[in-house]
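Everything below concerns the one structure shown next.
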Amino acid sequence: MSSVDLLSLAQRGPIHFMGIGGAGMSALADALMRAGASVTGCDLNAAAAQALLGERVHIDAQHDPAHVEGAAAVVVTSAVPSSHPELQAARERGIPVLKRAQALGAFVNTGTVLAVAGTHGKTTTTAMLSAVLDAAGLDPTAFVGGRVEAWGGGLRRGQSQLYVVEADEYDRSFLTLQPQAVAVTSVEADHMDIYGSLEALHAAFRELLARVPADGLIALCADDEGASNLLPASDARVVRYGTRSYAELRATDVSPIGSTTRFFVHDNDEPLGQVTLGVPGMHNVRNALAAIALARHVGAPFEAAQRALPTFRGVSRRFQVVGTARGVTFIDDYAHHPTEIAATLAAARSVYPGQRIVAVFQPHLYSRTRDLAVEFGYALAQADAVWVTDVYAAREQPLAGVTGELIVDAARRAGADGVHYAPTLEALQDELGRVLVDQDVCIGMGAGDIDTVIRAVYARFAEAA
12 MSSVDLLSLA QRGPIHFMGI GGAGMSALAD ALMRAGASVT GCDLNAAAAQ
62 ALLGERVHID AQHDPAHVEG AAAVVVTSAV PSSHPELQAA RERGIPVLKR
112 AQALGAFVNT GTVLAVAGTH GKTTTTAMLS AVLDAAGLDP TAFVGGRVEA
162 WGGGLRRGQS QLYVVEADEY DRSFLTLQPQ AVAVTSVEAD HMDIYGSLEA
212 LHAAFRELLA RVPADGLIAL CADDEGASNL LPASDARVVR YGTRSYAELR
262 ATDVSPIGST TRFFVHDNDE PLGQVTLGVP GMHNVRNALA AIALARHVGA
312 PFEAAQRALP TFRGVSRRFQ VVGTARGVTF IDDYAHHPTE IAATLAAARS
362 VYPGQRIVAV FQPHLYSRTR DLAVEFGYAL AQADAVWVTD VYAAREQPLA
412 GVTGELIVDA ARRAGADGVH YAPTLEALQD ELGRVLVDQD VCIGMGAGDI
462 DTVIRAVYAR FAEAA
């Protein structure tokens with residue numbers, strides 16, 4: 012299905028998006044409209060979706076089989092069940108139904124695709140790469156699964172045939188892409204509800220790398236065992252990047268300076284120069300190296316990275332400082348995997364040395380909580396105080412015996428003091444309002460709606476300041 016010509020289909024009628032308000036869906040809908048297609052959509056949160064896309068598209072707040080009447084194609088997320096009445100109506104009428112990943116592949120595979128894959132860091136690295144390419148005058152179109160404040164959403168609108176894509180491994184979505192170059196930031200056990208085993212996950216990544224042509228590039232993070240050990244079945248050039256001595260593209264002399272980071276970059280034995288990065292954390296140094304590797308492959312000079320990265324401020328919900336009130340700094344972060352939590356807490360220690368780090372974590376998915384409870388506990392134990400909520404279910408049904416208390420118990424066994432369970436967001440908000448004091452750094456982490464609590468407590472503190 013990814014070989015379908017989406018723009019040719021759009022000449023027959025509108026492309027209908029089910030769940031158009033999602034970050035990835037709204038970005039693709041926006042890109043199609045800018046390419047001349049007519050788009051319709053539905054979303055249960057129609058007001059938010061309308062705010063994202065403006066008045067260029069009609070968005071219904073309810074799902075209805077009548078929505079597909081006259082549509083040339085229907086685009087859905089992986090979360091929409093095949094039994095959905097709108098999908099059934101589309102199939103009965105012979106209307107092509109594409110998952111969002113298939114539609115994205117159909118749109119970008121007509122040009123040069125640079126894909127950023129991996130368990131962690133995809134969104135940030137994709138945004139960094141886009142910034143470097145922009146500084147080089149290459150004007151890419153970029154798609155991410157989050158919100159980049161500088162773009163006003165998940166789409167950077169370029170005029171060239173160069174596409175930068177956050178390549179999501181969920182549901183094997185990235186296998187719709189035909190990339191000229193791929194960066195793999197990390198490979199760890201995740202989405203086991205889809206893959207069933209780590210071996211199957213690795214196989215999917217290898218299948219993605221096998222799609223890179225002989226004149227392409229594969230960039231693997233040397234600091235991540237899962238990424239570095241991938242053996243691509245491709246004749247493409249392979250570059251390993253990171254801080255390890257054997258990395259071909261290597262960062263040395265890494266120095267945190269407040270909320271920024273300075274480091275020196277080497278290409279094998281050739282010194283390229285110093286980079287100042289506008290966001291903190293060693294994980295972001297690695298993300299920057301991945302961006303540099305792919306940007307240089309398509310002709311961007313190293314100097315473009317030196318120009319772009321100092322002003323890079325990250326993406327929404329990635330170590331995003333909400334504000335400071337009554338001496339408490341509030342940070343919102345999307346970390347929802349143990350490795351991401353560890354990286355976020357390490358960055359906080361670097362930026363706020365000597366201050367109390369209060370971690371507030373909302374587990375995401377019952378299956379992930381069950382499978383990684385021990386690892387979550389160990390990662391959270393690096394904070395000075397911890398609050399854990401109940402699980403944000405997302406697409407899953409509850410599992411017997413699986414709650415946030417599994418992580419609380421694991422954190423205590425890992426030696427953490429001051430670990431608390433607040434099953435509801437209302438209880439959590441009240442507790443944080445009582446316990447946070449001057450010089451605390453309160454970091455909300457999770458892929459659900461924990462950000463609403465962090466912003467609400469910040470607003471309460473700001474009003475009382």
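First residue of the sequence shown: 12, per this note's numbering; consecutive thereafter.
Every residue gets a Cβ at the ideal spot worked out from N, C-alpha and C, and that includes glycine.
Own chain partners of residue i with C-beta closer than 6 Å, once the 5 adjacent residues on each side are dropped
i, result
"A59", "G32"
"E442", "A433"
"I82", "At residue 82 the sequence reads Ala, which differs from the Ile that was named. Excluding sequence neighbours, A82 sits near G24, P25, H27, I106."
"A431", "Looking at the sequence provided, one finds His at residue 431 rather than Ala. So the qualifying residues of the chain are W398."
"H202", "Y181"
Residue range of the unbroken alpha helix (DSSP H) whose run includes residue i
i, result
"I418", "416-424"
"L436", "436-446"
"G164", "Careful: G164 lies outside any alpha helix (DSSP H), inside the beta strand (DSSP E) at 164-167."
"E281", "Run containing E281: none in the alpha helix (DSSP H); it sits in the beta strand (DSSP E), 281-288."
"H213", "209-221"
Candidates the options: closest to residue i by CA position
i, options, result
"E259", "G459, V193, D75, R248", "R248"
"A84", "R255, G24, P312", "G24"
"F387", "A46, G132, P349", "P349"
"D428", "Q373, A394, E314, R328", "A394"
"T123", "G30, G129, R222", "R222"
"W398", "R424, V371, G412, D382", "V371"
"L209", "Y469, L376, D382", "D382"
"G289", "A112, A57, M139, C453", "M139"
"R360", "R261, D451, Y174, Q189", "D451"
"A112", "K133, D179, A77, V50", "D179"
"P374", "A390, G132, G365", "A390"
"I418", "G412, E437, V385", "V385"
"F323", "S141, Q61, H95", "S141"
"A473", "R423, V193, V79, V333", "V333"
"E66", "T414, Q73, V50", "V50"
"L212", "H69, A114, L186", "L186"
"P96", "C453, A77, H131, A214", "A77"
Nonlocal neighbours in the same chain, by C-beta distance under 8 Å from residue i, ignoring five residues either side
i, result
"R217", "L241, L242, P243, A244"
"V143", "A302, I303, A306, A311, A315, A316, A319, L320"
"G164", "A34, S37, A38, D41, L63, R158"
"D449", "R337, G338, V339"
"T271", "T287, L288, G289, V290, P291, P321"
"V250", "L228, I229, A230, L231, E259, L260, A304"
Close beta carbons around residue i, own chain, < 7 Å, minus the five adjacent residues each side
i, result
"D204", "S378"
"V108", "V85, V87, L98, A101, R102"
"A358", "P291, G292, F330"
"P409", "Y377"
"Q189", "N120, V124, R222"
"R255", "A233, D234"
"G237", "S197, V198, E199"
"A425", "G388, Y389, A392"
Classification of residue i by the beta-carbon crowding that lies within 10 angstroms, buried from 16 upward
i, result
"L447", "buried"
"S197", "buried"
"I268", "exposed"
"A230", "buried"
"N298", "buried"
"T137", "buried"
"S184", "buried"
"P151", "buried"
"Q191", "buried"
"L55", "exposed"
"D246", "exposed"
"Y257", "exposed"
"D344", "buried"
"Q61", "buried"
"T435", "exposed"
Span of the beta strand (DSSP E), counted from its first residue to its last, around residue i
i, result
"S266", "260-268"
"Y252", "248-253"
"L175", "What sits at residue 175 in the sequence shown is Val, not Leu. Start and end: 173-177."
"H308", "Counting along the chain, H308 falls outside any beta strand (DSSP E), though it belongs to the alpha helix (DSSP H) covering 293-308."
"R273", "271-278"
"L410", "No beta strand (DSSP E) holds L410; DSSP gives it neither H nor E."
Rounded separation between residue i and residue j - CA only
i, j, result
"A346", "A117", "30 Å"
"A353", "V176", "26 Å"
"N120", "Y174", "9 Å"
"S13", "V195", "Interpretation of S13 is limited by its pLDDT of 43, a score under 50 that renders its predicted location unreliable; no figure is taken from the coordinates."
"S239", "A200", "15 Å"
"S266", "Q285", "11 Å"
"G148", "L43", "23 Å"
"V91", "N295", "33 Å"
"N279", "G129", "24 Å"
"Q440", "L220", "45 Å"
Beta carbon proximity, residue i to chain C, threshold 9 Å
i, result
"M36", "Considering every chain present, this structure includes no chain C. It has just one protein chain."
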